[in-house]
Amino acid sequence: MFRYMLKRQLIEDATSLRFSIYATIILAGLVAWSLIFAGIHQDRLANFSQNAIKRGLSLRSSSSKLYNLIWVSQTILMEPQSVRFIADGHEGQMPQGLSVSMLGSRLTGSQGDSEASILNSPDLTSIVQIIFSFFALVLTFNAVSYEKEKGTLRLVLSNSVLRNKLLLSKYAGAILTVGIPFVIGLILSLVLLSLRGIPVLSGGYMIALSLFFLLSLLYLSFFILLGLFCSTATGSSKNSLVLCLLCWVFIVVVLPKSAGPLLRLGSFSVPTEKAIAEEARLAGREVWNRHSGEDMVTSSPQAESTKLNVRVTNEATQAEERVFDLYLDKKMRVVSTFMAANCVSPASLFEYAASATAGTGLAHFMHFRRQVVQYQSDLIRFFKDQDMKDNDSPHLYFHPDYVSKKPFDFAAVPEFKEHVPRLLERVKNAAAYGAGLILYNAIMFGLVFISFQRYDVR
Amino acid sequence: MANQQPILKADDLSKRYEDGILAVDHLNLNIYPGEVYCLLGANGAGKTTTINLFLNFIPPTTGTCYVNGIDVTRDPLEAKKYVSFVSENVMLYGNFTARQNLDFFAKLGGKTNLSKNDYYQVMRRVSLQEKAFEQRVKNFSKGMRQKLGISIAVIKDAPGILLDEPTSGLDPKAAEEFLEILNELKKEGKAILMSTHDIFRAKEIGDRVGIMKEGRLVMERTREELQYEDLVKIYIDYMKSEPLKI
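If you read the sequences in order, they're chains A and C.
Each residue of the first sequence is one higher than the last, beginning at 23 in this note's numbering.
Each residue of the second sequence is one higher than the last, beginning at 144 in this note's numbering.
Here it is, written out as structure tokens:
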């Protein structure tokens, strides 16, 4: 019985005008986005490669003397990932990378607004989030009410048909109607991206895309259920359409933007880079001021005053770096708080889940930062190892006058290589958001089924 | 008929809506195989509510509906296996052809092994034009849709048939054809409950005719009794009489 109803539903949906519009927009949208992304990604890769070359040259220029390494500040950019086609994670609005030296690491590149707008990051996620969700509602807003208005609902239910099965067939029909053109569009996108030289046919990419597809279905399922609920909860198709549109605007547009102001995120505001730099300078000066009366004249490396000078220099540098680190942590916390507050909206849950699964966005940046900090430790260890080899060096780190001044093997300097988070880690990051979407679906399922059980079919 | 089990039975059936209106008031009905029972009454008399109660679209306030001896409220899915329904304005899936609609509803009615020829045969039987068999239903006239509606009931081959003002709005020829089909179904032993405003056709086709007023069955006559009485006069007299005290 179920399959007959499902088949009928599918035929009806597939022959409708709205489906033709939906399928055309999906295919055209995905093709257009694939071509646009291919161009953007190639530019990003070129920029990244240029930066890597510059970084190599800067390191090479310091290879004449070991102590020069102390002053080399490398600008390390996050590697452009092709998964940003799927979920950008607002990376365009986030720090593009970090400047790292042995003395510390700082943000570099443009830093976006922590209250990221959903419309500012074009990616597959935002296409599904905004356009597909709208169509999911358009496909289902009158699934039940129109049948009642036509009279076919009475005729169907005059047979031995369970209401739940009828509803389930409508739900499954809508999922397939939404899902099939989406799969075709995705395959088309992969072909286009591949033809443009973007490595998307790897196993890892396919898994990321499959997970994204499942998350998309979960997200669209919520809107399909919402459409069915409006269709059963209102008296007519017109009322259902109005209710659906209001719900869509609230869930997709209003709710993801209202959590921030509601939480008064202004009180979490992070100062500008200039203000942070000034605060760091003051923190360093404060260290020097604390030792202002002490003898810190640098004479011989063995002199206590020299050792104190080096110690205070390092202390002041660390104090400055701590200020930068604190603000970076605070910025990350603001974004995390904002994201947590936004989880009231299924649209935000989907966006965060997609971004976490793809390994982009905040999770990507945090992973990158951890790697940069590790790289900094590797550099320091390398520096110390090299310095220890020089018996003439007084080993007073990191004063340029009291470390080895001998040339060293440039090829031995550790290089930064970004590693993408492992799949398991990405899935773990996305689990909470995915669970939120499942919960929303479960609630909506319950509401729809109760509503349809009580539905007056006359 | 007394020793036969009624296919359609209303036992002390009442329905009071949430707004307080008593739509059906202690109705007792027994419709036997091979019998056509016509329910007459003004709008709001409770005819459609009675049919809705038989189809379990609404629960009764008191009393019970039985289809083939099965309590409709207790086991609606089982009960609906034994009853077909044709509404006043049969609306089908417009993008489907007549045959596709028939196929879908036949399958819902449990007939899963029918061939294209079986569907054609049924449509021929209800006098639907051959050229309409594979045409989309959205362009069908009301008469064609009613014929397709009755063909759905025919193909289900249930022992009970519920008809809610099926000839309303049909031209005389189409209505006559419709009644011919009903006569055939009656001869096949179907128990038919038909609500209608059409007194003349009720007299023509009905083995028994009942008049409902304000939810009550106020009069019932057999075909034999009506040979000596004027149904129109009886109907008008009942409609003119004082409102019932409910």
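Positions of the beta carbon are idealized from the N, C-alpha and C atoms, including for glycine.
In this text, all values refer to a predicted model and were calculated from it rather than measured experimentally.
Let me confirm a value: residue i is counted as buried when at least 16 other C-beta atoms fall within 10 Å, else exposed. Which label applies?
| i | result |
| --- | --- |
| A:Q398 | buried |
| C:R242 | buried |
| A:V205 | exposed |
| A:Q31 | buried |
| C:P219 | buried |
| A:L184 | exposed |
| A:I75 | exposed |
| A:I472 | exposed |
| A:N364 | buried |
| C:I379 | exposed |
| A:W270 | buried |
| C:M355 | buried |
| C:T255 | exposed |
| C:R217 | exposed |
| A:S86 | exposed |
| A:D414 | exposed |
| A:L99 | buried |
| A:S232 | exposed |
| A:S191 | buried |
| C:I324 | buried |
| C:E273 | exposed |
| C:S338 | buried |
| A:H63 | buried |
| A:H441 | exposed |
| C:N199 | buried |
| A:N331 | buried |
On the premise that residue j lies in contact with residue i, defined as a C-beta separation below 8 Å, what is that separation, rounded to the nearest angstrom?
| i | j | result |
| --- | --- | --- |
| A:S167 | A:T256 | 7 Å |
| A:F244 | A:P368 | 5 Å |
| C:Y225 | C:G177 | At roughly 15 Å, the Cβ-Cβ gap does not stay under 8 Å, so C:Y225 and C:G177 are not in contact. |
| C:S230 | C:D300 | Their Cβ separation, rounded to whole angstroms, is 19 Å, which puts C:S230 and C:D300 out of contact at 8 Å. |
| C:K290 | C:G312 | About 13 Å separates the two Cβ atoms, so there is no contact after all. |
| C:D246 | C:Y262 | 6 Å |
| A:R77 | A:Q96 | 5 Å |
| C:L228 | A:L208 | Note on residue identity: the sequence assigns Phe, not Leu, to residue 228 of chain C. Not a contact, Cβ separation roughly 44 Å. |
| A:D65 | A:R106 | With 8 Å as the limit, A:D65 and A:R106 do not qualify as a contact, their Cβ atoms being about 12 Å apart. |
| A:D412 | A:S426 | 4 Å |
| A:W55 | A:I149 | 6 Å |
| A:T147 | A:A109 | 4 Å |
| C:V297 | C:V269 | 7 Å |
| C:L369 | C:L182 | About 15 Å separates the two Cβ atoms, so there is no contact after all. |
Per the DSSP calculation, residue i is bridged to which residue(s)?
| i | result |
| --- | --- |
| C:N173 | C:K152 |
| A:F432 | None, per the DSSP bridge assignment. |
| C:F228 | C:L305 |
| C:K158 | C:V167 |
| A:I152 | Bridge partners of A:I152: none, in fact. |
| C:R279 | C:T240 |
| C:T205 | C:S157 |
| A:L418 | Note: A:L418 sits in no beta bridge, so no partner. |
| C:D214 | C:Y209 |
| C:Y180 | C:L336, C:R351 |
| A:G126 | A:S123 |
Any heavy atom of the ligand GTP within a distance shorter than 7 Å of the CB on residue i?
| i | result |
| --- | --- |
| C:T207 | This structure lacks the ligand GTP, and indeed carries no ligand of any kind. |
What residues from the stretch 355–375 of chain A come within 9 Å of chain C, judged by C-beta to C-beta, listed N to C?
none
Enumerate, from N- to C-terminal direction, the unbroken alpha helix (DSSP H) stretches of 4 or more residues contained entirely within the stretch 268–347 of chain A.
277–284, 295–312
What are the start and end residues of each continuous alpha helix (DSSP H) run of 4 or more residues lying completely inside the stretch 313–367 of chain C, in chain order?
315–330, 342–348
Residues of the stretch 199–215 of chain C with a CB closer than 8 Å to any CB of chain E: list them in chain order, please.
Absent from the structure is chain E; the protein chains it does hold are A and C.
Listed in chain order, which residues of the stretch 168–191 of chain A have Cβ atoms closer than 8 Å to some Cβ of chain C?
Answer set for the stretch 168–191 of chain A: K172, G173, T174, R176, L177, V178, L179, S180, N181, S182, V183, L184.
Which runs of the alpha helix (DSSP H) spanning at least 4 residues fall entirely within the stretch 193–267 of chain A, listed in chain order?
225–255
Give the list of continuous alpha helix (DSSP H) stretches no shorter than 4 residues that lie fully inside the stretch 348–387 of chain A.
368–380
Determine which residues of the stretch 34–45 of chain A have a Cβ less than 9 Å from any Cβ of chain C, and write them out in chain order.
E34, T37, S38
Just list the alpha helix (DSSP H) runs in the stretch 38–124 of chain A, keeping only unbroken ones of 4 residues or longer that don't cross its boundaries, in chain order.
39–83, 90–93
Quick one: which residues of the stretch 327–360 of chain C get their C-beta closer than 9 Å to a C-beta of chain A? List them in chain order.
none
Of all the residues that make up the stretch 247–263 of chain C, which are near chain A by a beta-carbon distance shorter than 9 Å?
Residues passing the 9 Å Cβ filter: F247, F248, K250, L251, G252, G253, T255.
Just by C-beta distance, which residues in the stretch 446–480 of chain A are closer than 9 Å to chain C?
Within the stretch 446–480 of chain A, contact with chain C at the beta-carbon level (separation under 9 Å) is assigned to D478, V479, R480.
Residues, ordered as in the chain, of the stretch 157–168 of chain C that lie near chain A by beta-carbon distance below 8 Å
none
Could you run through the stretch 271–291 of chain C and flag, in chain order, every residue whose CB is less than 7 Å away from some CB of chain A?
Residues: none.
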